[in-house]
Each structure stands twice: as structure tokens, then as C-alpha cells.
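Take the sequence shown: its letter number 163 is residue 162 in numbering that gives the first Met the number 0, and every next letter is one higher.
Heads up, the beta-carbon is just placed ideally off N, CA and C, and yes, glycines get one too.
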Amino acid sequence: MMGVRRLKVVTVVGARPQFVKAAVLSRELRKDNDEILVDTGQHYDEGLSAVFFDELDIQQPKYELGVGSGSHARQTAAVLTGVEDVLVREKPDVCVVFGDTNSTLGAALAAAKLGVPVAHVEAGPRAGCLEWPEEINRVAVDHVSSILLCPTKVALENCRNEGLADRAYLTGDVNCDLLRENHEKITAGTAVLDKFGVRPGEFLLATVHRAQNTDDRERLEAIVAALLDAGETVVLPAHPRLKNALHRTGLLSSLEAAGSVVITDPLGYVEFLSLAAHSRMVVTDSGGVQKEAYMLGKPCVTLLERTPWPETVAAGWNVLVKPEREAILQAVNESEPTKPREELFGDGSAGKRICRVLSEAL
0 MMGVRRLKVV TVVGARPQFV KAAVLSRELR KDNDEILVDT GQHYDEGLSA VFFDELDIQQ
60 PKYELGVGSG SHARQTAAVL TGVEDVLVRE KPDVCVVFGD TNSTLGAALA AAKLGVPVAH
120 VEAGPRAGCL EWPEEINRVA VDHVSSILLC PTKVALENCR NEGLADRAYL TGDVNCDLLR
180 ENHEKITAGT AVLDKFGVRP GEFLLATVHR AQNTDDRERL EAIVAALLDA GETVVLPAHP
240 RLKNALHRTG LLSSLEAAGS VVITDPLGYV EFLSLAAHSR MVVTDSGGVQ KEAYMLGKPC
300 VTLLERTPWP ETVAAGWNVL VKPEREAILQ AVNESEPTKP REELFGDGSA GKRICRVLSE
360 AL
């Protein structure tokens, strides 16, 4: 019997959530295929990119596009042209993209227009809000992709409802794979607690980075007020966008003066999830952090009116709040899961399933 043909795969990453996913998938792909990693440089901050290559043992990219910041149009265009050059040179069998960033959209468009099959990891999530750039990216990428790799049953159903059933596969979530691999390291490690002077179960972990929260002064002021009035220590790893917004609005001095909010630079994968695992609750506007909180069994308050992961809300472990001081405080003080936590994101074998789907589909 003839062996399975080795695939030539171009994998495109560019932001923190994609580095995390690539850590799992690249390892599996490289067992039986030839992978070329492309870093668009959408997240060019050391704390958001390079640290993940080192910590998660991701092979260094063959191509670094250095896209950096800019408007959505300019950033997407730079990714599109940069990835197009790579694809023309490498002539891969498939281009793998992750999630919902401008890097995802630019790479998917470049591949689709060249006739290179696109495999979208984390296909199908929908928040039902096309005003969000991420939602636009998700929908557009799914509809130009040849292979939709869905992390949950809800995501799979969304693809079916949009007429994409013939190319959609339920694989589970690669984030679940990585968390399970590192579970002991994440839950046993307490050095990060000493680093920030906090004790297990006696602090909140917060992240804020969505433009709708950082660029709207009223919303940002409400979030800061709630964190200051929470009545417990808050550890706040600050995304560059949040740092800039706090400086611009003068809110940074209020946070620093209070002493109850510990502001830190972005953290590595294990440190961040160790904080999440030992926190009382997670407060965030990040889709990825919502998932990680659920996987760790931590209640989550999401500072948005919608989420691409409604299954976590239906399960009772995630509460959506409009960013208003009173609403946030009520959720932080009163939200406790009332249902058993189901395995919504798979059993830790998503990477293997994705490789099997790619092999069979191509």
C-alpha cells in the first residue's frame, strides 16, 4: 500500500493566540509533513510574540514580514502582499491560518486568490456583531477557506447554517491540547504568585485590549473604576493598546496610586495561565482568555455585550456585562457557576485530528 503523501504546509501566525495554537499544530504537522512558518509581525512587542516562540518551543519562522501596526486596511494589505510573495515562492499544498486577526484575513485572501487551499483553524465562532473587525475577519475567512476546522459543536453548526457544511469538520480546540500538556506546570507553579504578592483564590486576573473598550473613554473609565472598587487585588497584564489608552486618558495615575491594581507587562503563556488558575475569577474582553478561563474551571466576567463563545455563557461559567461600573461590580461579586463544567472544547487531541483532516481532505 502506498504511503500518505507528505504535504507542504505554509502556516501563518502574527498574534499571541496564534503562537499558542501553532505550538500544538506545528509539532503535529512536522511529524509527517513539511511546514514553513510565517510570522507576519502583527504583534511586534517582545511580550506578545518572541517570548512565545521561546517558551513554547515553536520553531523559528522562515519568513518574518514585519508588518507592525497600522489601520485595519494597511495592516491587512501588508499581510496580503507579504504572504502572497511567500506562497508564490514556496508553492505549498495548503495555507493554514488561525483565528480572526488581520493576519488571518490577509493570509487567507492571498492564498485563495492564488488557488492555494486555505485551512482555517478555529473556524465557525460567531458573536453576531459585524461591527466588530474580528467578526468580519471570521466570516470572510470561513467563506474563502477550503477546510474549516471547528473547535466546538456550536462553531460547526454556525458553518452549517451558512452553507459551509461540506467543508466543515469538528476537531476540538488546540488551546485545550496545550493546556492539558502544561496543566501540572500551570497549576503547581506558585512563583508567579510571589512575584505579584498575591495568594491563591484571593485576587482577580484582568485583561483589557479590545478597541471598543480602550478607545471609548467612558467605557474605559467605567472599567478602571470597577477594578479599583472591586475590594480585592487585581493583577492586570497590560496590552500595549491598554497602556497607551491609560496614558492618553490620565487614568494610569489613578490605578498606580490606589495600589490594589498590579499593572504588569504582558506575560508568557505559563505565567499568565498560572495566574488564571490561582485567581478567584477572570475579568476580560479577550475571546481567547474566556476559553482559557473555562478550561481551567474559573468563572469569567466578560466586558462585552457579545461573545464568539456563547457556549461558555450557556454553561453558566461566563457572564457578559456592559462596561459600566455597577454592572461589572455586580458580576464580579455575585457570579458563581451553577452547572457542572462540560468539555466544550474537546479532549486534548485537536492537533492530531486537524492533521488527519488535512491529510484526508488534500
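Beta carbon of residue i nearer than 8 Å to that of residue j
i: leucine 343; j: valine 93; result: no
i: phenylalanine 97; j: valine 117; result: no
i: alanine 106; j: valine 197; result: no
i: alanine 126; j: threonine 283; result: no
i: serine 253; j: valine 223; result: yes
i: asparagine 157; j: aspartate 99; result: no
i: proline 309; j: leucine 266; result: no
i: alanine 275; j: leucine 295; result: yes
i: threonine 324; j: leucine 203; result: Going by the sequence as given, residue 324 is arginine instead of threonine. The answer is no: Cβ separation not under 8 Å.
i: valine 234; j: threonine 263; result: yes
i: glycine 114; j: aspartate 141; result: no
i: arginine 240; j: threonine 206; result: no
i: glutamate 201; j: glutamate 220; result: no
i: threonine 337; j: valine 318; result: no
i: alanine 229; j: leucine 328; result: yes
i: histidine 238; j: histidine 277; result: no
Residue of the options minimising C-alpha distance to residue i
i: glutamate 333; options: Gly315, Glu183, Gly287 and Pro265; result: Gly315
i: aspartate 176; options: Pro339, Arg340, Lys20 and Pro336; result: Lys20
i: isoleucine 353; options: Asp193, Ser273 and Leu148; result: Leu148
i: lysine 321; options: Ala225, Pro336, Glu231 and Arg166; result: Ala225
i: glycine 40; options: Ser144, Gly67 and Asp214; result: Gly67
i: proline 199; options: Ala210, Val207, Ala187 and Arg209; result: Ala187
i: lysine 30; options: Val8, Gly13 and Arg240; result: Val8
i: lysine 297; options: Trp308, Val281, Val85 and Leu178; result: Val281
i: leucine 361; options: Val95, Val37 and Glu89; result: Val95
i: threonine 151; options: Leu169, Val143, Cys158 and Leu55; result: Leu169
i: aspartate 38; options: Val23, Asp215, Lys290 and Arg15; result: Arg15
i: glutamine 58; options: Val78, Asp33, Thr80 and Ala72; result: Asp33
i: glutamate 54; options: Leu36, Val82, Ser70 and Ala22; result: Ala22
Segment limits, alpha helix (DSSP H) that includes residue i
i: glutamate 89; result: 71-89
i: arginine 36; result: Per the sequence shown, the amino acid found at residue 36 is leucine instead of arginine. Looking at the DSSP string, leucine 36 is not in any alpha helix (DSSP H); the run it does join, the beta strand (DSSP E), is 33-38.
i: lysine 194; result: 190-195
i: alanine 122; result: Premise fails: alanine 122 is in no alpha helix (DSSP H) and is neither H nor E.
i: alanine 439; result: Residue 439 lies beyond the residue range present for the chain, which begins at 0 and ends at 361; the question has no answer from this structure.
i: alanine 139; result: 132-143
i: leucine 155; result: 152-160
i: alanine 313; result: 309-313
Local Cβ density within 10 Å of residue i, reported as buried at 16 or more and exposed below that
i: serine 102; result: buried
i: glutamate 27; result: buried
i: threonine 189; result: exposed
i: lysine 184; result: exposed
i: glycine 345; result: buried
i: valine 87; result: exposed
i: arginine 4; result: exposed
i: serine 273; result: buried
i: glutamine 17; result: buried
i: glutamate 304; result: exposed
i: leucine 129; result: exposed
i: glutamate 341; result: exposed
i: glycine 347; result: buried
i: aspartate 84; result: exposed
i: alanine 72; result: exposed
i: glutamate 217; result: exposed
i: glycine 13; result: buried
i: serine 144; result: buried
Range covered by the beta strand (DSSP E) that runs through residue i
i: isoleucine 146; result: 146-149
i: threonine 301; result: 299-301
i: cysteine 94; result: 93-97
i: threonine 10; result: 7-12
Inset, instruction - May I have a chain-ordered list of the alpha helix (DSSP H) segments no shorter than 4 residues that lie completely inside the segment 207-291? - result: The DSSP assignment places 210-213, 216-227, 239-248, 250-257 and 268-277 as complete runs of the alpha helix (DSSP H) inside the segment 207-291, in order along the chain (cut-off: 4 residues).
Inset, instruction - Taking only runs that begin and end inside the segment 317-361, name each unbroken beta strand (DSSP E) of 3 or more residues, in chain order. - result: 317-319
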